[in-house]
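One structure is given below, encoded as structure tokens.
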Amino acid sequence: MEREKVELFKEVLKKLHEGEDVESLKKQFGELLSQIPPFEIPVIEQELLKSGEIDVRDIIKMCDLHVEFFRGAVSEAGREIEKLPNGHPLRTLYEENKQILKDAEALSLLASSMFSLPKDDPRRKQFYEKLVQHVSELHRIGLTHYTREEMLIFPYIERRGITAVPTVLWSKHDETRLKIRLLLNLLKKEESDERLKEEALELSRMLSDMVFRENNILYPTLKVLLTEGEWKAIKMLEKDIGYYKIEVTEEWETPEKPLLPHEIDPVVSPETYEKLPDEIKRVAGMLTPDTEYSLVRDNDIKIESGYLSLEELNAIFKTLPFDITFVDKHGRVRFFSGGHRIFHRAPTVLGRPVQFCHPPRSVHIVNKILKAFKEGRKEPAEFWINMGDRKIHIRYFQVLDKEGNYLGTLEVVQDITRIKELEGEKRLLDWKD
Numbered sequence: 017m018e019r020e021k022v023e024l025f026k027e028v029l030k031k032l033h034e035g036e037d038v039e040s041l042k043k044q045f046g047e048l049l050s051q052i053p054p055f056e057i058p059v060i061e062q063e064l065l066k067s068g069e070i071d072v073r074d075i076i077k078m079c080d081l082h083v084e085f086f087r088g089a090v091s092e093a094g095r096e097i098e099k100l101p102n103g104h105p106l107r108t109l110y111e112e113n114k115q116i117l118k119d120a121e122a123l124s125l126l127a128s129s130m131f132s133l134p135k136d137d138p139r140r141k142q143f144y145e146k147l148v149q150h151v152s153e154l155h156r157i158g159l160t161h162y163t164r165e166e167m168l169i170f171p172y173i174e175r176r177g178i179t180a181v182p183t184v185l186w187s188k189h190d191e192t193r194l195k196i197r198l199l200l201n202l203l204k205k206e207e208s209d210e211r212l213k214e215e216a217l218e219l220s221r222m223l224s225d226m227v228f229r230e231n232n233i234l235y236p237t238l239k240v241l242l243t244e245g246e247w248k249a250i251k252m253l254e255k256d257i258g259y260y261k262i263e264v265t266e267e268w269e270t271p272e273k274p275l276l277p278h279e280i281d282p283v284v285s286p287e288t289y290e291k292l293p294d295e296i297k298r299v300a301g302m303l304t305p306d307t308e309y310s311l312v313r314d315n316d317i318k319i320e321s322g323y324l325s326l327e328e329l330n331a332i333f334k335t336l337p338f339d340i341t342f343v344d345k346h347g348r349v350r351f352f353s354g355g356h357r358i359f360h361r362a363p364t365v366l367g368r369p370v371q372f373c374h375p376p377r378s379v380h381i382v383n384k385i386l387k388a389f390k391e392g393r394k395e396p397a398e399f400w401i402n403m404g405d406r407k408i409h410i411r412y413f414q415v416l417d418k419e420g421n422y423l424g425t426l427e428v429v430q431d432i433t434r435i436k437e438l439e440g441e442k443r444l445l446d447w448k449d
């Protein structure tokens with residue numbers, strides 16, 4: 017081990033301890049540190065760890081610095097994305113990947129450092145707790161970053177005939193989700209050092225590999241294909257899913273009308289096709305856009321979250337695994353779902369005051385619920401009763417319009433007997449042919 021590299025790290029760590037910021041250290045030590053190959057960083061840190069000169073907080077700080085230094089080799093595609101304004105959905109994905117890359121690096125360094133310590137080293141407990149916390153936080157990558165891609169991004173390129181790439185990436189996302197869950201379980205079981213280190217380093221590699229695939233293949237593809245109208249629709253929806261460890265404080269605006277996947281022209285022109293990354297062209301081949309299916313049909317009813325025919329709407333209500341009854345703001349029964357019901361309803365109740373649909377002994381409860389909902393109480397009212405050997409769950413919900421005005425009350429009744437018996441998980445289909 018070259019002593020000057022170790023001494024250089026000591027100097028950087030000392031300044032980090034003193035509160036100097038990363039940008040300042042990049043200016044002072046960037047050229048020297050960038051000459052150290054990335055694979056030597058954990059080795060140097062482990063030497064300092066064994067000598068007692070760094071602790072877990074230093075590892076995380078050093079990781080921030082290290083990732084900043086080795087991010088210098090940004091691809092041409094990355095530089096183009098960095099030119100996008102803050103708040104643009106593609107720029108947001110790219111910024112999240114910087115954080116994911118940093119966290120992947122931190123995972124590798126934490127694991128390598130912890131498992132290089134003797135079993136009786138008191139610092140192991142500190143490293144172990146930090147490692148558990150760190151892996152727990154990685155769980156949010158799947159809930160935010162990956163989910164936004166799967167639900168908001170992939171439909172746009174699938175519509176254009178690029179289906180293999182989203183399929184592969186989604187599979188990789190799920191592999192990463194499972195690996196995070198596995199590592200967290202192994203940590204809680206205090207599995208052997210060798211197994212834990214192996215799984216942690218593998219997860220770090222998987223996260224970094226996904227960042228590379230997205231930054232150099234997926235994101236350049238999106239930049240070529242998606243229009244401002246499509247990005248506007250994505251922008252409007254992304255907050256509902258959330259972000260991974262970044263705050264999107266700036267709103268990106270465009271005068272374009274938001275376009276959902278079913279509203280776009282999915283045909284990719286030859287000129288646009290030639291601009292796609294070579295990896296995409298090799299996998300996708302000649303694109304076959306999804307042009308045969310039309311989402312919106314004559315006489316469809318436009319609902320906030322889709323389009324349905326009256327026949328489909330009625331069939332859906334009959335198929336729901338629970339009963340619903342809607343009472344309007346005047347306290348009159350306006351609708352109930354058909355099919356098998358726990359509490360019988362007939363068309364004769366339509367327009368009837370809801371109080372007359374209940375036994376006299378419970379009318380005061382009905383009135384109390386309706387009055388509270390009209391006055392603005394949002395908390396659902398719920399009850400559960402026994403009907404023979406069945407457990408019945410009854411809930412009442414306040415129904416509001418977009419402005420928050422009271423529209424009525426929704427009653428939901430469900431037989432939860434089978435649900436209460438469920439244990440563990442069932443992820444495989446067990447139908448018998």
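Position 56 (the sequence shown) corresponds to 72 in my numbering; numbering is contiguous.
The beta-carbon is built from N, C-alpha and C at its ideal position, and this holds for glycine as well.
Per the Cβ contact rule, the stretch 367–375 is not in contact with the stretch 394–410 (fewer than 3 Cβ pairs under 8 angstroms). For the pair of segments examined, the stretch 148–167 was found not to touch the stretch 281–300: the number of CB pairs separated by less than 8 angstroms stays below three.
With contacts defined as CB atoms closer than 8 angstroms, L194 and E215 fail to qualify as a contacting pair. In the structure shown, L275 adopts coil according to DSSP, grouped into three states. A397 has Y412 as its beta-bridge partners, per DSSP. One thing to note: T270 has its Cβ within 8 angstroms of the Cβ of K248.
By DSSP's assignment, K407 forms a beta bridge with N402.
Y260 is a Cβ neighbour of Q115, given a cutoff of 8 angstroms.
In its chain, beyond the 5 residues on either side, L123, K195, I196 and L199 have a beta carbon closer than 7 angstroms to the beta carbon of L219. Between the C-alpha atoms of W447 and P337 there is a straight-line separation of about 19 angstroms. Across the structure, D119 and H150 are spaced so that their CA atoms are roughly 8 angstroms apart. For I169 against L238, the beta-carbon gap comes to about 7 angstroms, under 8 angstroms, which counts as contact.
The three-state reading of DSSP puts I319 in strand, counting E and B together. When secondary structure is reduced to three states using DSSP, P369 falls in the strand class. If you keep only unbroken beta strand (DSSP E) runs of at least 3 residues inside the stretch 321–347, you get 322–324 and 339–344. Here DSSP, grouped into helix, strand and coil, assigns L24 to helix. Secondary structure at D431: strand, using DSSP grouped into helix, strand and coil. Scanning the stretch 185–251 for uninterrupted beta strand (DSSP E) segments of 3 residues or longer gives nothing; none is fully contained. A Cβ-Cβ separation of about 6 angstroms places D339 in contact with I358 under the 8 angstroms criterion. Collapsing the DSSP output to three states places G158 in a helix. Following the DSSP letters along the chain, one finds V299 inside the alpha helix (DSSP H) bounded by residues D294 to A300. Non-local C-beta neighbours of R95 in its own chain, meaning closer than 6 angstroms and more than five positions away in sequence, are absent. The Cβ atoms of E244 and E272 sit closer than 8 angstroms to each other.
The alpha-carbon separation between T335 and P182 amounts to approximately 32 angstroms.
Following the DSSP letters along the chain, one finds V382 inside the alpha helix (DSSP H) bounded by residues V379 to K390.
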